[in-house]
């Protein structure tokens, strides 16, 4: 029986981003004595916790063969909507439900237009990115909606033992959707649609329904993120979640999701977002300017796309 030799090239290509993550942690530990502390590591996890909820929907959308550039703007719209509802004296639960419904409704419109009219999701969501952000700013005259109940802030600031609620929300939602993607017919349909639409159609999958539903789910998750972000800062800010679309796309790609669709895992996305979070945290600790941070983050995304492409070619 022939023994399979260990292929170092394939190993490095498969796990290159994870190796970069380990290397980055080592470099930051040496460069800053503040990096490898319990306080700082917990700060990183808390910082990515809300963003990672949005990344669930983004990953599902990319796996389905689409993209969504409007998630950050939708989070902002849901944030100010919920805050304004509470400022009207309505119960907190009403604000939470309304935010999730608004997110899901926008997702339904986005997915429906994309699927029914067979438009490219890039163009549809690019226009919505500007429109939704503009709507959030118009509703609030560009100012944060403050004066929210102190009790509302506890849904983001409280902890169960040493574990912050934000982290628990993240874990629960990832567990739910990892199950959906791996063990349900709907999850398998998302992979099938992203891999080959024609084959999926011939096998009886409703392409339009699948495409619409991933946007609905993503929108609802943006609503949840908007609520948590509002609770965290105790105000609804029309400028919040700026550039989250890039961070969540980066997390998905770094985590191994194929930009062409049909391949990806939510477990990889959370690792990818951890990479992005550690990178951002490290640049702050090292005193890198905000402008240079954007340059470095952009280069990392660019590198991840190239590596993703090379990995696909080597597999094909």
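Numbering (our numbering), first residue to last: 539 to 854. Even glycine gets a Cβ: it sits at the ideal position worked out from N, Cα and C. No experiment lies behind these values; they were computed from the predicted model shown.
Here residue 605 carries a coil assignment [DSSP, helix/strand/coil].
When secondary structure is reduced to three states using DSSP, residue 774 falls in the strand class.
Under the 10 Å beta carbon count, residue 617 is surrounded by 16 or more other beta carbons and is classified as buried.
Taking all protein chains in view, the Cβ of residue 785 is crowded by 16 or more other Cβ atoms within 10 Å, so the residue is classified as buried. Under the three-state reduction of DSSP output, residue 587 falls in the helix class. Rounded to whole angstroms, the gap between the alpha carbons of residue 696 and residue 771 is 13 Å. The DSSP-derived three-state label of residue 631 is helix. In this structure, the beta-carbon distance from residue 668 to residue 606 does not fall below 8 Å.
Under the three-state reduction of DSSP output, residue 683 falls in the strand class. Between the C-alpha atoms of residue 820 and residue 561 there is a straight-line separation of about 12 Å. Within the model, the alpha-carbon separation for residue 757 versus residue 588 is close to 14 Å. Counting the other Cβ atoms within 10 Å of the Cβ of residue 748 gives 16 or more, which makes it buried. Membership of residue 797 in any alpha helix (DSSP H) is not indicated, and neither H nor E is assigned to it by DSSP. Residue 613 is a Cβ neighbour of residue 767, given a cutoff of 8 Å.
Counting only the Cα atoms, residue 783 lies some 16 Å from residue 813. Taking 8 Å as the upper bound for CB-CB distance, residue 682 and residue 774 are in contact here, some 7 Å apart. Measuring C-alpha to C-alpha distances from residue 609 to each of 620, 619, 603, 592 identifies 592 as the nearest. Here residue 790 is near residue 596, since their CB atoms are less than 8 Å apart. Separation of residue 720 and residue 673 (C-alpha to C-alpha, rounded to the nearest whole angstrom) is 37 Å.
Within the same chain, 702, 704, 705 come within 8 Å of residue 584 by CB-CB distance, once the 5 residues on both sides are set aside. Going by DSSP, residue 720 is part of the alpha helix (DSSP H) stretching over 703 to 721. The continuous alpha helix (DSSP H) containing residue 695 extends over residues 688 to 695. 574 is the residue among 727, 548, 574 whose C-alpha sits nearest the C-alpha of residue 823. Of the candidates 833, 563, 648, the residue whose Cα lies closest to the Cα of residue 599 is 648.
The Cβ atoms of residue 661 and residue 611 do not sit closer than 8 Å to each other. Under DSSP, no beta-bridge partner is assigned to residue 787. DSSP places residue 666 inside the alpha helix (DSSP H), whose first and last residues are 659 to 678. The Cβ atoms of residue 619 and residue 601 do not sit closer than 8 Å to each other.
Rounded to the nearest whole angstrom, the CA to CA distance from residue 656 to residue 650 is 9 Å.
DSSP places residue 734 outside any alpha helix (DSSP H), giving it a letter other than H or E.
Assigned with DSSP and collapsed to three states, residue 698 falls in strand. In this structure, 804 is the residue among 736, 804, 759, 742 with its C-alpha nearest to the C-alpha of residue 718.
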